[in-house]
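S.K.: Everything in the sequence shown is counted per numbering that gives the first Met the number 0, starting at 0 for the first residue and increasing by one.
Cβ atoms here follow ideal geometry from the backbone N, Cα and C, with glycine treated the same way.
Starting off with a structure, shown below.
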Amino acid sequence: MAGTSTAYHLKRHPHVLIEKEETIGGTARSYKVGDFTFDITGHLLHLHKPYTKKLIRKLLGNNFYPCIRKAWIYSQNTYTRYPYQAFTNGLPEDVINDCVLGFLTADKKNRTTPTVRSKLNFHDWCNVTFGEGISRHFMIPYNEKLYQIKAKKLTTDWCGPFVPMPKLSEVIHGALEPQGKSFGYNTTFLYPKQGGIQSLANALAKNIQDIYLNTSVIQLDYKNKSAHLSSGETIRYSSLVNSIPLLELLNLMQDLPLSIQKDKHHLRYASILCVNLGVNRPRISDASWIYFPEKSFPFYRVGFPMNFTPHVVPSGCSSMYVEVPLSQSKGQSKAKILQAVRKGLIDAQILKPSDQFPVVQFIPVKYAYVIYDANRNKALENIFTFLKANDIQSIGRYGAWKYSFMEEAILDGKKAAETILNA
Numbered sequence: 000m001a002g003t004s005t006a007y008h009l010k011r012h013p014h015v016l017i018e019k020e021e022t023i024g025g026t027a028r029s030y031k032v033g034d035f036t037f038d039i040t041g042h043l044l045h046l047h048k049p050y051t052k053k054l055i056r057k058l059l060g061n062n063f064y065p066c067i068r069k070a071w072i073y074s075q076n077t078y079t080r081y082p083y084q085a086f087t088n089g090l091p092e093d094v095i096n097d098c099v100l101g102f103l104t105a106d107k108k109n110r111t112t113p114t115v116r117s118k119l120n121f122h123d124w125c126n127v128t129f130g131e132g133i134s135r136h137f138m139i140p141y142n143e144k145l146y147q148i149k150a151k152k153l154t155t156d157w158c159g160p161f162v163p164m165p166k167l168s169e170v171i172h173g174a175l176e177p178q179g180k181s182f183g184y185n186t187t188f189l190y191p192k193q194g195g196i197q198s199l200a201n202a203l204a205k206n207i208q209d210i211y212l213n214t215s216v217i218q219l220d221y222k223n224k225s226a227h228l229s230s231g232e233t234i235r236y237s238s239l240v241n242s243i244p245l246l247e248l249l250n251l252m253q254d255l256p257l258s259i260q261k262d263k264h265h266l267r268y269a270s271i272l273c274v275n276l277g278v279n280r281p282r283i284s285d286a287s288w289i290y291f292p293e294k295s296f297p298f299y300r301v302g303f304p305m306n307f308t309p310h311v312v313p314s315g316c317s318s319m320y321v322e323v324p325l326s327q328s329k330g331q332s333k334a335k336i337l338q339a340v341r342k343g344l345i346d347a348q349i350l351k352p353s354d355q356f357p358v359v360q361f362i363p364v365k366y367a368y369v370i371y372d373a374n375r376n377k378a379l380e381n382i383f384t385f386l387k388a389n390d391i392q393s394i395g396r397y398g399a400w401k402y403s404f405m406e407e408a409i410l411d412g413k414k415a416a417e418t419i420l421n422a
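Pasting the structure below:
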């Protein structure tokens, strides 16, 4: 999406867009499987900037639905509202007490003896910020499940808008009542009526002049500013914008300085398996998505595209994307994975034992989440300095090696184009 946005914002300035797949969009593309339409996990438009709000409406026209987030957490055999730290009502009494008293203790301690939180690892930051109860029951197990490493190895640089921070009064209210204010950057979102998120990529690409589909860069001669393509062609360039995973870009570059080769090994990531499921029963859930922090479930999140738009499923059916940490499914057959996923969905009361899957799709996502650890920032600083010196911009969630959402990817592309045009 970031690369496509760059080409879109370059307008008539000479450029070519190189796309490895047969369709544009990267990980923000869609698949038609029978009468179902699936994305690669959830790709929803959380818009905050006036520019992107105007742009998306211009690109999609009337082809979008405004949606209100309905996000839940399933733990202790109970559904509670998202975010966990603000809504513990409905959980067992001892868990609620654990969470509220832990938050109260942490809040009091922070008011009397403030902690420099920016230097804490994620594990310790959670305990200081939310208390031991909320940290133990959700924050730490969920994020260790998602990132597939210990919370003490994570920094907090990624948290920003992604981790809601309720006040003490809101935590207490959320323990007593199941309702309250909404928290987070994604309380509302837009989603295309027809065609999945692919329709946005297609709309961006509509006016792009030169797109090479089914073509990849197989080698990058950064010293001579030339890209060797899988088609056998070589393209010379004055400026290059990259939106493939940063690690893949560096692997394409020959004769990297020794320091950059060392920094390259500090780029860590978590891989997942997206299991897209069509179900032969309507309205299996009214949720947008559900989080699963407990180890007994093989997945960490399940989303429901048919609740974003009814046009992605045939009549009388439902659809899901199930996100499985690759470390939990590695070495297992698809049949075994599907069996474990099905059992988990039945245990969570989403599926009935009689439900059937008319469609099953497995999509491995190698670079799903960038891991923010102690080595990331310094490595990126050195790598980006090197790339800039060679007229290369690396942007987007994977190119910039960060945790971000689609609006940011689109704005990254706009900024990259403006950098080229201004030069």
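1) Excluding sequence positions up to five away, which residues of its chain have a Cβ less than 6 Å from the Cβ of Y73?
2) Quick one: what does DSSP say K365 is sitting in, helix, strand or coil?
3) For H501, is the classification buried or exposed, using 16 other Cβ atoms within 10 angstroms of its Cβ as the cut-off for buried?
4) Cα-Cα, which of T308, T40, V323, I419 is closest to I391?
5) Got a sec? Which residues, its chain only, sit under 7 Å from Q147 by beta carbon, not counting five neighbours each side?
6) Got a sec? Which residues, its chain only, sit under 6 Å from E169 by beta carbon, not counting five neighbours each side?
7) Can you confirm whether the segment 271 to 279 touches the segment 349 to 368 when touching is taken to mean that 3 or more C-beta pairs between the two stretches lie within less than 8 Å?
8) Let's test the definition: count the other Cβ atoms within 10 Å of the Cβ of T384 and tell me whether it reaches 16, buried, or not, exposed.
9) Check the C-beta distance from D372 over to L119 and give it rounded, since I have them as a contact under 8 Å.
10) Which two residues bound the contiguous beta strand (DSSP E) that contains R235?
11) Under 7 Å between the Cβ atoms of W23 and T3?
12) Taking its Cβ as the centre, do 16 or more other Cβ atoms sit within 10 Å of P165, making it buried, or is it exposed?
13) When the distance is taken between beta carbons, is W157 closer than 7 Å to Y402?
14) Y397 to M405, Cα distance in whole Å?
15) DSSP state of R396, grouped into three classes?
16) Hey, would you say V369 sits closer than 7 Å to I271, going by beta carbons?
17) Pick from D34, Q260, V32, I39: whose alpha carbon is nearest that of T26?
18) Below 8 Å, how does it come out for the segment 51 to 65 and the segment 176 to 183: are there three or more Cβ pairs, yes or no?
19) Quick check: the segment 206 to 217 against the segment 228 to 241, are there 3 or more CB pairs under 8 Å?
20) So what's N275 in DSSP terms, helix, strand or just coil?
21) Cα separation between Y30 and P160?
22) What is the rounded straight-line gap between the Cα of A423 and the Cα of K224?
23) To the nearest whole angstrom, what separates the beta carbons of S287 and G302, a pair I think is in contact under 8 Å?
24) Since T79 sits in a beta bridge, which residues does DSSP pair it with?
25) Output the distance between the C-alpha atoms of M305 and S353, rounded to the nearest integer angstrom.
26) What are the boundary residues of the beta strand (DSSP E) that includes A226?
27) Kindly list the residues whose CB is nearer than 7 Å to the CB of Q331, restricted to its own chain and excluding five residues on each side of it in sequence; keep chain order.
28) Would you list the residues sitting across from G302 in a DSSP beta bridge?
29) In three-state DSSP terms, what is I283?
30) Return helix, strand or coil for Y458, following the three-state DSSP convention.
31) Pull the bridge partners of V216 from the DSSP assignment, please.
32) Which residue's Cα is closest to the Cα of K19: P244, P13, S198, T77?
33) Helix, strand or coil: how does DSSP classify S4 here?
34) Could you spell out where the beta strand (DSSP E) holding F37 opens and where it closes?
35) Under the three-state reduction of DSSP, which class applies to I133: helix, strand or coil?
36) For T186, which residues of its own chain have a beta-carbon under 6 Å away from its beta-carbon, when the five flanking residues on both sides are left out?
M.R.: Concretely, from the data shown:
1) So the list reads I289, F291, A347, once near-sequence residues are dropped.
2) Per DSSP, reduced to three states, the secondary structure at K365 is strand.
3) Residue 501 lies beyond the range of the chain shown here (0 to 422); nothing can be said about it.
4) Closest by C-alpha distance to I391, out of T308, T40, V323, I419, is I419.
5) Only residues of its own chain outside the window of five on either side were considered, and among them A269, P324, S326 have a CB closer than 7 Å to the CB of Q147, listed in chain order.
6) Result list for E169: A85, in chain order.
7) At 8 Å Cβ cutoff, the stretches touch.
8) Residue burial annotation: T384 is exposed, with fewer than 16 other C-beta atoms found within 10 angstroms of its C-beta.
9) About 14 Å separates the CB atoms of D372 and L119; that is not less than 8 Å, and the two are not in contact.
10) Start and end: 233 to 235.
11) Before going on, a small fix: residue 23 reads as Ile here, not Trp. Their beta carbons are under 7 Å apart, which means I23 touches T3 by this criterion.
12) Buried.
13) Taking a C-beta distance under 7 Å as the contact criterion, Y402 and W157 qualify as a contact pair.
14) Straight-line Cα distance between these residues: approximately 12 Å.
15) Note: R396 maps to helix in three-state DSSP.
16) Contact check for V369 against I271 fails: the beta carbons are separated by 7 Å or more.
17) Of D34, Q260, V32, I39, the residue nearest in Cα terms is I39.
18) They do not touch, by the three-pair rule.
19) Taking 8 Å as the limit for Cβ pairs, the verdict is that the segment 228 to 241 does touch the segment 206 to 217.
20) DSSP places N275 in strand when its eight states are reduced to three.
21) Rounded to whole angstroms, Y30 to P160 spans 30 Å at the Cα level.
22) In this structure the chain extends from 0 to 422, so residue 423 is not present and cannot be described.
23) That belief holds up - the Cβ atoms of S287 and G302 are roughly 7 Å apart, short of 8 Å.
24) Bridge partners of T79: I72.
25) Rounded to whole angstroms, the separation of the alpha carbons of S353 and M305 is 20 Å.
26) It spans 225 to 228 - the beta strand (DSSP E) in which A226 sits, taken as one unbroken run.
27) Contacts found: none.
28) Secondary-structure assignment with DSSP links G302 through a beta bridge to W288, Y320.
29) Reduced to three states, the DSSP call for I283 is coil.
30) The structure shown does not extend to residue 458, since the chain is modelled only from 0 to 422, so the question has no answer here.
31) L228.
32) Per the Cα distances, P244.
33) DSSP places S4 in the helix class (H, G or I) of the three-state scheme.
34) Here the beta strand (DSSP E) through F37 covers 35 to 38.
35) Reduced to three states, the DSSP call for I133 is helix.
36) The residues are R68.
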